[in-house]
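Okay, so here's the structure we're looking at.
There are 2 protein chains.
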Amino acid sequence: MSKLVNSIKEAVQKVGLKDGMTISFHHHMRNGDFVLNMVLEAIAELGYKDLTVNASSVFDVHEPIIGHVKNGVVTGIECNYMGGKVGKAICEGLMEKPVIFRTHGGRPSDMEKGTSHIDVAFIAAPTADDMGNCTGKYGKSACGSMGYAFADAMNADKVVVITDNLVPHPLVDFSISEIYVDYVVEVDQIGNPAGIVSGTTKITRDPVGLKMADYAAKVIEASGLLKDGFSFQTGAGGATLATAKYVQDIMLAKGIKGSYGMGGITKYMVEMLNNGCFQALLDVQCFDLDAVQSIRENPKHMEVTATHYAGVSGKSAAVDNLDVVLLGATQVDLDFGVNVHTDSNGYIMGGSGGHSDTAAGAKLTMIIAPLIRARLPLVVEKCLCTSTPGSTVDVVVTQRGIAVNTKYGKNQELKEALKKAKLPVVEIEDLKRMAEEIAGTPKPVQLTDKVVAHVMYRDGTLLDTIKAVK
Amino acid sequence: MSKLVNSIKEAVQKVGLKDGMTISFHHHMRNGDFVLNMVLEAIAELGYKDLTVNASSVFDVHEPIIGHVKNGVVTGIECNYMGGKVGKAICEGLMEKPVIFRTHGGRPSDMEKGTSHIDVAFIAAPTADDMGNCTGKYGKSACGSMGYAFADAMNADKVVVITDNLVPHPLVDFSISEIYVDYVVEVDQIGNPAGIVSGTTKITRDPVGLKMADYAAKVIEASGLLKDGFSFQTGAGGATLATAKYVQDIMLAKGIKGSYGMGGITKYMVEMLNNGCFQALLDVQCFDLDAVQSIRENPKHMEVTATHYAGVSGKSAAVDNLDVVLLGATQVDLDFGVNVHTDSNGYIMGGSGGHSDTAAGAKLTMIIAPLIRARLPLVVEKCLCTSTPGSTVDVVVTQRGIAVNTKYGKNQELKEALKKAKLPVVEIEDLKRMAEEIAGTPKPVQLTDKVVAHVMYRDGTLLDTIKAVK
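Chains A and B supply the protein sequences, listed in that same order. Mapping of the first sequence onto our numbering: residues 1 to 470, in sequence order. Mapping of the second sequence onto our numbering: residues 1001 to 1470, in sequence order.
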């Protein structure tokens, strides 16, 4: 018995794809992914129309999807993150149907609850056997964790594994089991692993970033959470990574043994694991090749599914026990609501990812961002898009001051602690004023009435909408 | 956040157990399990009635369940295997409701298909954290694989993990994720690991057994399946293990590199893995402590879920690619049907386990059994219970001859190959006659009309019934 077929086209035909269906993809190859484009090209050549693409993230490398939308092959896009190239086209009114944005926890949970149905999932697998057992840990295109792909595999009606490293059955140390897989396709290359490292994954050298990082680390220290059992998530981004470095320094100096690090994993988190700052890393995706190597070699560096990471459909998720999360923002408003979907001009260039999931779970949710970016103030009256509700945000750290969110009847003690630690505590309104003193009051962004995206919260409710830019 | 509660009773109350519900257990602690008895005792003390117990296996250690049946606490039993102590009571008419027997593949698949609903699953976990991440690989009561427990965890409405080795969250190298777990209970001892080694797990020294093993190994060799890529399942039992040893000798002598070994794993299969006879072991349960050590230390020794092992609800299962399986029997009939549920006197003392699952999947299904046991012939006109349909059985090996099943339009080539290899090929009727010449024709077993058990095939259909003994 073998599930191997000769081509993506053959797999598409064998799974019985029909016009109007929803197909899904995961994004562990990040901006190096070839699979989404290859599949859409095959589908377009076969003449299918009116498909919805549910991709855990859409990167700039997926720009060809714009052509498939124009040709009617794709009429719906659902994702947790969308890069600026496709995002701009969406905001210029590319599609009839609004894009559906979910979170990294909401996406698998919507599948598990049945509110998001996938007809056919396409799994980019760096290593697989001909029965469909597969993993991201090995192979020339190794991406490490395949955490986001589990929900697709487990819930889609049909599942196609696409690999560029076919090994004899049974694959040892598989992540996704053959029980979920219908067909396997071997291709030359599923992606360019160099593209896994997309965005900034190096510590900043910019003095502004280092200042923010210094403040952020001191906030964490002053919060009282930095003690044995400490759990921490940080993503990529220069200032964020610098904060991780400072936090590590404090932990090592004080001999603090944390419990787990989480998130998109970078070499800085791997270093913290190896230095004993954590007993484990919970990895839903690798952000660089050091992380890929670590998850392959270190049993304490564990792959977790997106549901385990951040879902709401399970009995619990790792985010529920998170002490501190460090997150970015393009805008923060006076209610502490955060925008990570659009830039300050209203164009989509991001998405929640795990932003609102971790914010909801963590004891201390910190936003770290420069006061002014691209000559526009970080803090605004009201975000162009609320990606993460203000009620789940605790602190906003900028290079000019730290705002503690006491607007929802909490964090008063934290505010006092930060003041006591001589940190520059200000009000969120102060941050807005300071920014405007430097950059001026920005002109209101001109939007049309056309809704181009629905932003769904992790529980499946509508959080906000995004409108086309004029 | 923590899911830890103080006692089994507290967990039972918190999950909202109600009279009439179905509770489930897995059997990796085998005859050393304490958990089923502890939970039933707690439930009895709390005054619950009319519960159905779905245990992947019921061993002699679970004899106290008889008292709970008599007291009305338990009114239904469902399992894949039942030891002789409880089995005898059942066959003497203990229960109103027939026992439901499933297979190791059918049980999880019935849960996944929704035809078997579990209200509360109790998971005996040799190591767990307070959020419910758990594993069988570590701890004083380590049992190795927890393959059968995944379906319970994933499909039950409520899940209680019971452990005697509570470790800080997050447990590294967990098997079952916290996303499935509602409550965690710490107890002194979940079982006696010495009891994991139940039944015969040593190579026989009996000349009859060695003769059978010699024949069986030669059948495998003559079948043409023993070549690179060979996959093999064997359970415990002295002659079976001797066969494995002989097969290993052939593989090593000829330099054959097999693909995988499977089944309840013993030290003999571990030895074959370590000697390079297999690239992997797929382990749904460990049959001895050498296997427990191996699955903990060797990444090529992989835990698989029961669905992955033998289910019918997945897209495939490991049994589908199995070359050869070696199975036991208490009776074989002239249609090659096999009984592993009752002894020749009609008393339940076993069950399918993975018998009919592997028989259905394997290219070559071999029954190995002595011609006469307890003075009764192996081969009978019609089995007292058909556990495995004759259409899925290929060869019956006894010390006096080997019968090849050509009754279903197959195996003619195999029969010729065995003859060519000078093996003592006989007809199944010959085996019956030879046995009766020695042991006489057995008196028919006297059964009543009362059905005490339904034997369900792996696809959920009724295969046979078992009646009370007069």
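In this text, a Cβ means the ideal position worked out from N, Cα and C, and glycines have one as well.
A/G191 places its beta carbon less than 8 Å from that of A/V35.
Note on A/M154: 16 or more other CB atoms within 10 angstroms of its CB, so buried under the neighbour-count rule. Here B/M1021 has L1051, D1119, V1120 as same chain residues with Cβ atoms under 7 Å from its own Cβ, once five neighbours each way along the sequence are excluded.
Going by C-alpha positions, B/C1079 is about 24 Å away from B/V1184. B/K1420 and B/V1219 have their alpha carbons spaced roughly 11 Å apart.
Look at A/K227: its C-beta is not under 8 Å from any C-beta on chain B.
The alpha-carbon separation between B/L1289 and A/Y246 amounts to approximately 46 Å.
For the segment 1168-1189 of chain B, the beta-carbon criterion of a distance under 7 Å to any beta-carbon of chain A is satisfied by P1168, H1169, P1170, V1172, D1173, S1177, E1178, I1179, Y1180, V1181, D1182. Each residue's CA atom was taken as its position, placing B/E1437 and B/L1378 some 13 Å apart.
Straight-line measurement puts the Cα of A/E41 at about 31 Å from the Cα of A/R458. Annotated as proximal: A/A216 and A/V397, with beta-carbon spacing under 8 Å.
Restricting attention to beta strand (DSSP E) runs no shorter than 3 residues, the segment 311-377 of chain A encloses them at 324-327, 331-333, 364-368, ordered along the chain. Proximity of the segment 120-136 of chain A to the segment 1008-1027 of chain B falls short of the contact definition, fewer than three beta-carbon pairs being nearer than 8 Å.
Scanning chain A for C-beta atoms nearer than 7 Å to the C-beta of B/Y1260 yields P170, reported in chain order. Inclusion of B/N1321 and B/S1231 in the CB contact set at 8 Å is warranted, their separation being smaller than that value.
If you ignore the 5 residues before and after A/V160, its C-beta comes within less than 6 Å of the C-beta of A11, F122, Y183, all in its own chain and listed in chain order.
The bridge partners DSSP lists for A/D464 are A/V455.
DSSP places A/T307 in the helix class (H, G or I) of the three-state scheme. Using a CB distance below 9 Å, the part of the segment 307-337 of chain A facing chain B consists of T307, H308, G311, S313, G314, K315, S316, A317, A318, D320, N321, ordered along the chain.
Between B/L1289 and chain A, the shortest Cβ-Cβ separation is not below 8 Å.
In the displayed model, B/T1115 falls within coil according to three-state DSSP, outside both helix and strand.
Between A/L463 and A/G346, the CB-CB gap reaches or exceeds 8 Å.
With a contact defined as Cβ atoms closer than 8 Å, A/Q399 and A/L376 miss out at about 15 Å. Annotation: the continuous beta strand (DSSP E) that includes B/E1078 extends over 1074-1079. In this structure, B/F1336 keeps its C-beta atom at 8 Å or more from the C-beta atom of B/T1201. Residues of the segment 270-287 of chain A with a C-beta less than 8 Å from any C-beta of chain B: Q279, A280, L282, listed in chain order. Counting only the Cα atoms, B/E1303 lies some 31 Å from A/G353. In chain order, V1086, A1089, L1094 place their CB closer than 7 Å to the CB of B/I1066, counting only its own chain and leaving out the 5 sequence neighbours on each side. For B/K1300, a Cβ of chain A is located within less than 8 Å of the residue's own Cβ.
Using a CB distance cut-off of 8 Å, B/M1131 counts as an interface residue toward chain A.
Cβ contact annotation for A/R296 (same chain, cutoff 8 Å, sequence separation greater than five): K137, Y138, A142, G144, in chain order. Sequence-distant Cβ neighbours of A/F278 in its own chain, meaning closer than 7 Å and more than five residues away, are G258, S259, Y260, G261, M272. In the displayed model, B/L1282 falls within a strand according to three-state DSSP.
The shortest CA-to-CA distance from B/L1252 to any of B/K1003, B/E1112, B/L1226 is the one to B/L1226. B/L1327 places its beta carbon 8 Å or farther from that of B/T1386. By the neighbour-count criterion, in which a residue is buried when 16 or more other Cβ atoms sit within 10 angstroms of its Cβ, B/A1242 is buried.
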